[in-house]
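Engineer: First residue of the sequence shown? That's 337 in our numbering, and the numbers climb one at a time after it.
Glycine residues also receive a C-beta, built at the ideal position from the N, C-alpha and C atoms.
These numbers were taken from a predicted model, which means no experiment stands behind them.
Got a structure for you, written out below as structure tokens; questions coming shortly.
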Amino acid sequence: MSTIIPLKSTRYDKMAVGYVAVHCDTGKELHVFERINDISKVKEVQIVMGLYDIICKLETDNTKELEDAVMRIRKIPHVQTTMTLLVI
337 MSTIIPLKST RYDKMAVGYV AVHCDTGKEL HVFERINDIS KVKEVQIVMG
387 LYDIICKLET DNTKELEDAV MRIRKIPHVQ TTMTLLVI
């Protein structure tokens, strides 16, 4: 069971920065990397070793735009899972 806690501070309506770790199908890392790199809100993207295959940094004007960019990443073919870390 998860709990959603609404953020009431206006700080969260301003610039949002987050990191997204991406796990993708074996052998499809470069394809996913290229698709992520085409997303305008992605400022950095790297292929990494470990539990996740790719990590990227997103910078957006607000948390809604960050959520939209993460959803675009999740919809890329061969993406299995993501983990998003929101900078506070």
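Can you grab the Cα-Cα spacing for the pair G386 / H359, in whole Å?
Structural biologist: About 10 Å.
Engineer: Ignore the nearest five residues each way along the sequence and tell me which others in Y388's own chain have a CB closer than 8 Å to its CB.
Structural biologist: The residues are A357, V358, H359 and M419.
Engineer: Starting from the Cα of K379, find the closest Cα among A352, C392, E370 and K400 and give me that residue.
Structural biologist: Of A352, C392, E370 and K400, the residue nearest in Cα terms is C392.
Engineer: Rounding to the nearest angstrom, what Cα-Cα distance links Q301 and I372 in this structure?
Structural biologist: Since the displayed the chain opens at 337 and closes at 424, residue 301 lies outside it and no answer follows.
Engineer: Distance check for G363 and L394, CA to CA, integer angstroms please.
Structural biologist: Going from the Cα of L394 to the Cα of G363 covers about 24 Å.
Engineer: For the beta strand (DSSP E) that K393 lies in, which residues bound it at each end?
Structural biologist: Its beta strand (DSSP E) spans residues I390 to T396.
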